[in-house]
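Take the sequence shown: its letter number 100 is residue 129 in our numbering, and every next letter is one higher. Down below is the structure, laid out as structure tokens.
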Amino acid sequence: MAQTRKKQQHSKKTKTQIALKTGDTFPLTIKKLGINGEGIGYFKRGAVFVPGALPGEEIVAKATKIHERFAEAEIRKIRKKSPSRVMPPCKVYELCGGCQLQHLNYEDQLGHKRDLVIQSLERYTKIPTDNLDIRPTIGMDNPWHYRNKSQFQVGQRDGKIIAGLYSMDSHKLIDISECIVQHPLTNKVTSTVKQILSDLNISVFDERSRKGSVKTIVTRIGVESGEVQVVIVTATKELPRENVIADEIQKRLPEVTSIQHNSNPKKTSLIFGEKTRHLRGKEAIQEQLDVYTYELSSRAFFQLNPYQTRKLYKEVEKAAALTGKEKVVDAYCGVGTIGIWLAGKAGEVRGMDVIAEGIKDAKKNAELQNITNISYEVGKAEQVLPKWVKEGWKPDVIVVDPPRSGCDQALLNTILQVKPKTFVYVSCNPSTLAKDIDVLSKTYKIEYMQPVDMFPQTAHVECVTKLVLK
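What follows is the structure, given as structure tokens:
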């Protein structure tokens, strides 16, 4: 019996095995783009993912990795080019991996991002998409130099300190002197800090030997205020020669108004460790969106594209459709941006987040605007919300802006129990958005979905979905 079972399993695997071997070259027509911006074609019914390929292109592909039901490949030759293909302006575009769509013209990037939302719904739900109101993606007038924050890993090559991003699917660090999706000032500050570390011969962390100190240079700018914050992340508890480093930053970069040190000794993909120390200047920088001012501490979440954030929050406001009486929950509230934006049109707003520093900033931000109908609490939404309901406070509208992993299952269960009339879901990941909508779909229907391009030149898309109680 055991042998028979093994044979059955083997034959099943053989049946689904893609008919390619590593190194094979073969013709391929690209049908669509995937969630990571790669071209997808089909070879003998097996999906093949090809970075850099565009829909409609006919290519010669070379298989690089074979999986059970799909293959990865690279372009050897483009026989028929897409009319949407453009020359990427970035010098390290093909090496870096930070952007995925610079080779696709911007109008078609926007169309692709709307298509990603549709693909995700078709894959993870049974909701027919033909009759859904899925609106055209809201884009940027100038889709460059928009990111207000950079997190560049630090390394050493040929005796010189370098800083940048890891190449796609590798741990090869690409030195980036100018990133054209970053705000120019973040590029300037990062480059100067890198030079200061080099001039002072500061030790750099080496992943292989687990020795050295500096791991990451984090730079954030308040685009409206012009204030810049620098956080140097180390693998060691202390930052070597921290006073001299801080003196040099202040001398060479007068625009830097906040200097912090964060210690992260753990072997992890997370940038920040738990301990942050304030070294010089202010503890937080300020940013302004329309009439609202926000204080941003080093670890507090804030949208990376302030230009598009205004458009995003206007869409949230439109979806919430407040009349001045509603009780509103701002879940995963960060520094309070969405709740503050809605407070003037709501009866009362309550927000929660697990990061205590963010809640501290949120309270400060509400005070800055003299908003009195808003309150914040540290904790998980799925724990705090039931407590409020038990106390007799039931929301009419819930707004969530969760991380890429989507809403916690316990929160979705809580929403299904609380049944707010309107649920506004701000998502940065179409796949987890669709999975969460599938859970809610028995009780809620999609009124409309509005994609917003928060990250031009990349495969990411933000989406505001209005769900209403059936």
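Every residue gets a Cβ at the ideal spot worked out from N, C-alpha and C, and that includes glycine. Please read all numbers here as calculations on a predicted model, not as lab measurements.
Exercise for the section: Could you give the DSSP three-state label for Asp437: helix, strand or coil? Expected result: Along the sequence shown, one-based indexing puts residue 437 at 408. Look at Asp437 here: in three-state DSSP terms it is coil, with no helix or strand label.
Handout entry: Three-state secondary structure (DSSP) of Ala349
Key = By one-based count along the sequence shown, residue 349 stands at place 320. Secondary structure at Ala349: helix, using DSSP grouped into helix, strand and coil.
Practice task
Could you work out which residue in Ile475, Leu462, Pro485 and Ser470 is closest to Ser149 when comparing CA atoms only?
Solution key: Residue 149 sits at position 120 when you count from the first residue of the sequence shown. Minimum Cα-Cα distance from Ser149 among the listed residues Ile475, Leu462, Pro485 and Ser470 corresponds to Leu462.
Practice task
Can you tell me which of Thr286, His307, Arg339 and Gln185 puts its alpha carbon nearest to the alpha carbon of Leu268?
Solution key: Along the sequence shown, read from residue 1 onward, the residue named residue 268 stands at position 239. Closest option to Leu268, Cα to Cα, is His307.
Problem - Segment limits, beta strand (DSSP E) that includes Leu57 - result: Taking the first residue of the sequence shown as 1, we reach residue 57 at position 28. Per DSSP, Leu57 belongs to the beta strand (DSSP E) from Thr54 to Leu62.
Problem - Simplified DSSP state of Cys492, which is helix, strand or coil - result: As a position in the sequence shown, residue 492 is number 463, starting the count at 1. It is a strand residue.
Handout entry: Gly255 to Glu284 span [Cα, whole Å]
Key = Locating residue 255 in the sequence shown gives position 226, counting from the first residue. Locating residue 284 in the sequence shown gives position 255, counting from the first residue. Cα-Cα distance, rounded: 7 Å.
Problem - Closest Cα partner of Lys91 within the set Val407, Tyr195 and Lys106 - result: Counting from one through the sequence shown, the residue named residue 91 turns up at place 62. Residue Lys106 is the option with its Cα nearest to Lys91.
Handout entry: DSSP state of Met30 mapped onto helix, strand, coil
Key = Here residue 30 corresponds to residue number 1 of the sequence shown, with the count starting at 1. Note that Met30 scores a pLDDT of 42, beneath 50, so its modelled location is shaky; the value from the coordinates is reported in the next line. Assignment of Met30 by DSSP, reduced to helix, strand and coil, places it in the coil class.
Exercise for the section: Please work out which residues of its chain come closer than 6 Å, Cβ to Cβ, to Pro480, disregarding the five sequence neighbours upstream and downstream, and give them in chain order. Expected result: The residue labelled residue 480 in the question sits at position 451 within the sequence shown. Excluding residues up to 5 positions away in sequence, Lys142, Arg143, Val146, Thr166, Val490 and Cys492 lie with their Cβ nearer than 6 Å to the Cβ of Pro480 in the same chain.
Exercise for the section: Helix, strand or coil for Arg249, going by three-state DSSP, please let me know. Expected result: On the sequence shown, position 220 is the one that residue 249 refers to. Here Arg249 sits in strand by DSSP.
Practice task
Pull up the CB-CB distance for Leu202 and Thr322, whole angstroms please, since I reckon it's below 8 Å.
Solution key: Within the sequence shown, the letter at position 173 stands for residue 202. Within the sequence shown, the letter at position 293 stands for residue 322. In this structure Leu202 is not in contact with Thr322, their Cβ atoms being roughly 37 Å apart against a cut-off of 8 Å.
Exercise for the section: Please go through the same chain and pick out, in chain order, the residues whose beta-carbon is closer than 8 Å to the beta-carbon of Ile69, but skip the five residues on each side of it. Expected result: Residue mapping note: residue 69 aligns to position 40 of the sequence shown, counting from 1. These residues qualify, in order along the chain: Ile59, Lys60, Lys61, Leu62, Gly63, Ala76, Val77, Phe78 and Val79.
Practice task
List the whole-angstrom C-beta distance separating Val364 from Asp390, where the pair is believed to meet the contact cut-off of C-beta under 8 Å.
Solution key: As a first step, residue 364 is located in the sequence shown; it is residue number 335 there, counting from the start. As a first step, residue 390 is located in the sequence shown; it is residue number 361 there, counting from the start. The beta-carbon separation of Val364 and Asp390, rounded to 4 Å, stays under the 8 Å limit for a contact.
Practice task
From the DSSP output, in three-state form, read off Glu86 for me.
Solution key: Here residue 86 is taken as the residue at index 57 of the sequence shown, counted from 1. In the three-state DSSP reduction, Glu86 falls in the coil class, being neither helix nor strand.
Exercise for the section: Leaving out five residues on either side along the sequence, give the residues of the same chain with a beta carbon under 8 Å from the beta carbon of Arg554. Expected result: Residue numbering for the chain in the displayed model covers 30 to 499; residue 554 lies beyond these limits and cannot be assessed.
Problem - Range covered by the alpha helix (DSSP H) that runs through Tyr503 - result: Residue 503 lies beyond the range of the chain shown here (30 to 499); nothing can be said about it.
Practice task
Identify whether Glu344 lies in helix, strand or coil by the three-state DSSP scheme.
Solution key: Looking up residue 344 in the sequence shown gives position 315. Of the three classes helix, strand and coil, the one that applies to Glu344 here is helix, per DSSP.
Exercise for the section: Would you mind stating whether Thr263 and Ile300 have Cβ atoms separated by less than 8 Å? Expected result: Translated into positions along the sequence shown, residue 263 becomes position 234. Translated into positions along the sequence shown, residue 300 becomes position 271. Taking C-beta atoms as the reference points, Thr263 and Ile300 fail to come closer than 8 Å.
Practice task
Look at the alpha carbon of Gly368 and the alpha carbon of Gly310, and state the distance between them as a whole number of angstroms.
Solution key: Position 339 of the sequence shown, counted from the first residue, corresponds to residue 368. Position 281 of the sequence shown, counted from the first residue, corresponds to residue 310. Near 28 Å, if we compare the C-alpha coordinates of Gly310 and Gly368.
Handout entry: Backbone CA spacing between Lys354 and Leu371 [nearest angstrom]
Key = As a working mapping, residue 354 is identified with position 325 in the sequence shown. As a working mapping, residue 371 is identified with position 342 in the sequence shown. The alpha-carbon atoms of Lys354 and Leu371 are separated by roughly 12 Å.
Practice task
Spell out a yes or no on whether the segment 447-458 and the segment 374-386 are touching, meaning 3 or more CB-CB pairs, one atom from each, closer than 8 Å.
Solution key: The segment 447-458 is not in contact with the segment 374-386.
Problem - Residue environment, Thr443, which counts as buried when at least 16 other CB atoms sit within 10 Å - result: Counting from one through the sequence shown, the residue named residue 443 turns up at place 414. Label assigned to Thr443: buried.
Handout entry: Beta-carbon proximity of Val431 to Tyr361, cut-off 8 Å
Key = Locating residue 431 in the sequence shown gives position 402, counting from the first residue. Locating residue 361 in the sequence shown gives position 332, counting from the first residue. Checking the sequence, you will find Pro at residue 431 rather than Val. A contact, by the Cβ cut-off of 8 Å.
Handout entry: Reference Val233, options Pro118, Val183 and Tyr477, closest by Cα
Key = On the sequence shown, residue 233 is found 204 positions in, with the first residue counted as 1. Answer by Cα proximity: Val183.
Exercise for the section: Per DSSP, which residues does Asp425 bridge with? Please list them. Expected result: In the sequence shown, the residue the question calls residue 425 occupies position 396. Per DSSP, none; premise fails for Asp425.
Practice task
Take every Cβ of the segment 168-188, pair it with every Cβ of the segment 202-213, and state whether three or more of those distances are shorter than 8 Å.
Solution key: The segment 168-188, when compared against the segment 202-213, does touch it at the 8 Å Cβ threshold.
Exercise for the section: Say whether the segment 221-228 touches the segment 273-287, bearing in mind that this needs 3 or more beta-carbon pairs closer than 8 Å, one atom from each stretch. Expected result: Yes, the segment 221-228 is in contact with the segment 273-287.
Exercise for the section: Return the chain-ordered list of same chain residues with a C-beta closer than 6 Å to the C-beta of Ile250, the five sequence neighbours on each side being excluded. Expected result: Within the sequence shown, residue 250 is the residue found at index 221, counting from 1. Cβ neighbours of Ile250 beyond the five flanking positions: Asn177, His212, Leu214, Thr215 and Val257.
Handout entry: As assigned by DSSP and simplified to three states, the class of Lys499
Key = Working through the sequence shown from its first residue, we reach residue 499 at position 470. Taken through DSSP and simplified to helix, strand or coil, Lys499 comes out as coil.
Problem - Pro117 and Gln131 closer than 8 Å at C-beta - result: As a working mapping, residue 117 is identified with position 88 in the sequence shown. As a working mapping, residue 131 is identified with position 102 in the sequence shown. Going by C-beta atoms, Pro117 is nearer than 8 Å to Gln131.
Practice task
Just the C-alpha distance for Leu496 and Pro485, rounded to the nearest angstrom, thanks.
Solution key: The residue given as residue 496 occupies position 467 in the sequence shown. The residue given as residue 485 occupies position 456 in the sequence shown. Cα to Cα, Leu496 sits roughly 26 Å from Pro485.
Exercise for the section: Would you grab the beta carbon distance between Tyr122 and Cys128 for me? Rounded to a whole angstrom, and I think it's under 8 Å. Expected result: As a first step, residue 122 must be located in the sequence shown, where it is residue number 93. As a first step, residue 128 must be located in the sequence shown, where it is residue number 99. With a beta-carbon spacing of about 6 Å, Tyr122 and Cys128 fall inside the 8 Å limit used to define contacts.
Practice task
Can you give me the Cβ contacts of Ala395 inside the same chain, cut-off strictly under 7 Å, excluding the 5 residues immediately before and after it?
Solution key: By one-based count along the sequence shown, residue 395 stands at place 366. Hits under 7 Å: Gly365, Ile369 and Ile403.
Practice task
With a threshold of 16 other CB atoms inside 10 Å of the CB of Ser199, please say whether the residue is buried or exposed.
Solution key: As a first step, residue 199 must be located in the sequence shown, where it is residue number 170. With fewer than 16 other Cβ atoms within 10 Å, it is exposed.
Handout entry: Tyr342 versus Ala348: straight-line alpha-carbon distance, rounded
Key = Working through the sequence shown from its first residue, we reach residue 342 at position 313. Working through the sequence shown from its first residue, we reach residue 348 at position 319. Cα to Cα, the separation comes out at about 10 Å.
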